[in-house]
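Note sheet for the following structure.
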Amino acid sequence: MVYSYYIWFICLFLLITNLLNNNILLIIFLFEMISLFVIPLMFLENNSSLLSFYNSLISFFVVSSISGLIIFLGWLTEIYFFFALGLILKLGIFPFCWWLYSVYSGVSWSVLLLLNTLFKSPIFLLCYLNNINFFVVSGVEVLFLFTSLFCSHYLINKGNNWYGFFGGNSIISSFIILVIINNINMFDIFMYMLLSWVYFFLFVYFIFYNSSDNLAGYKIEDNTSVYFIFILLGFPFSISVIYKIFSVWCMVLLSTFSLFCYWLVFSLIEQVWLINILFFGSNLVFYTETTNSRF
1 MVYSYYIWFI CLFLLITNLL NNNILLIIFL FEMISLFVIP LMFLENNSSL
51 LSFYNSLISF FVVSSISGLI IFLGWLTEIY FFFALGLILK LGIFPFCWWL
101 YSVYSGVSWS VLLLLNTLFK SPIFLLCYLN NINFFVVSGV EVLFLFTSLF
151 CSHYLINKGN NWYGFFGGNS IISSFIILVI INNINMFDIF MYMLLSWVYF
201 FLFVYFIFYN SSDNLAGYKI EDNTSVYFIF ILLGFPFSIS VIYKIFSVWC
251 MVLLSTFSLF CYWLVFSLIE QVWLINILFF GSNLVFYTET TNSRF
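Under UniProt numbering, the letters of the sequence shown match residues 1 to 295, in that order.
Below is the structure:
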């Protein structure tokens, strides 16, 4: 446990150092260092099955290494395609969505939070400093369509696995940030990232709280369920509503109707899935086909 705290401190220190400099090469180097420190953190805080853990570990190591090399190659050769390809691979955007689900299915809740929030910050900083504009890339709308279709398909067909929800939410929100970055003002980008992180954190917190109390699942008469619905589902003044309205606002600023339609369909599927979990007796636990709940 002590070693885990040391590694967390090092990761946070490297992240802060990374965000406070504007040297692209140093950002890439520090980000890969953070990726290396995440690996022992996965070991120390692992509570999943051995098979699931090793699948997660291997997927993370291989994809992080390859994507880091591609990003560095793109920076070195000043070829935009390689830089964009490395970012797409690292964020798990179609056709590389599979690896993110594999990683999420074998990590603890704390590592999951790190990977989906602060860990992504240097990636978006690279886009900003390099003036990478995904919105003008040919075929970005088709890419978003296939990404949302893949995430929706995975969520529907793996409906008893919470990592299907987390993975899809992470991929879609990352894609939106890539699209809006360098196209709208920094305050709106920061607010979107903050809201998406709070939205994600609350989900992980409630699921971890549920599992730690040894509950089989939320029931609508339970107080925890009431809080869960009020804060997270699509009711007035919930964090979900605020987050989604702000997402719509960001896409309105881009004046892109097709991206909005794709995002809207995915959000509706996501809400239906959540309602099914809460109201139709599904277990509100985070487990895969090979392991029981890890939270």
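Beta carbons are placed, not taken as given, at the ideal position from N, Cα and C, and that holds for glycine.
Remember, it's a predicted structure, so these values are computed and weren't measured experimentally.
Inter-residue distance for Leu57 and Trp99 is about 10 Å (C-alpha atoms, whole angstroms). Distance from the CA atom of Leu264 to the CA atom of Leu89, rounded to whole angstroms, is 24 Å. Judged by DSSP secondary structure, Ile93 falls outside any alpha helix (DSSP H); it is assigned neither H nor E.
Listed in chain order, the alpha helix (DSSP H) runs fully inside the segment 73 to 144 are 80 to 91, 98 to 104, 109 to 116, 121 to 129, counting runs of at least 4 residues.
Look at Ile70 here: in three-state DSSP terms it is helix. Rounded to the nearest angstrom, the Cβ distance from Ile27 to Pro122 is 6 Å, consistent with a contact under 8 Å. According to the DSSP assignment, Asn185 belongs to no alpha helix (DSSP H), since it is labelled neither H nor E.
In the structure shown, Ser255 falls within a coil segment according to DSSP collapsed to helix, strand and coil. When the alpha-carbon of Ser196 is set against those of Cys127, Ile172, Pro95, Ile181, the nearest one is in Ile172.
Counting along the chain, Ile177 sits inside the alpha helix (DSSP H) bounded by residues 162 to 180.
Of Ser267, Ser174, Phe72, Tyr262, the smallest CA-CA separation from Asn116 is found for Ser174. Taking 8 Å as the cut-off, the Cβ atoms of Tyr104 and Gly167 count as close.
The beta carbon of Tyr54 sits closer than 8 Å to the beta carbons of Gly106 from its chain, once the five residues preceding and following it are set aside; these are given in chain order. Just measuring C-alpha positions, the residue of Leu85, Gln271, Leu114 sitting nearest Leu143 is Leu85. Taking the C-beta atoms as reference points, Leu253 is found nearer than 8 Å to Asp188. Taking the C-beta atoms as reference points, Phe165 is found nearer than 8 Å to Leu155. Here DSSP, grouped into helix, strand and coil, assigns Ser148 to helix.
At a Cβ-Cβ threshold of 8 Å, Phe81 and Asn130 do not count as neighbours. Here DSSP, grouped into helix, strand and coil, assigns Asn22 to coil. DSSP, reduced to helix, strand and coil, places Lys158 outside both helices and strands of the structure shown, so it counts as coil. Collapsing the DSSP output to three states places Ser238 in coil. Gly92 is classed as buried because its beta carbon has at least 16 other beta carbons within 10 Å across all chains shown. When the alpha-carbon of Lys120 is set against those of Val248, Ile24, Leu19, Phe61, the nearest one is in Leu19.
One thing to note: Ser152 has its Cβ within 8 Å of the Cβ of Ile269.
Between Val204 and Leu113, the C-beta spacing is below 8 Å.
If you check the CB distance, Leu30 and Leu14 come in under 8 Å.
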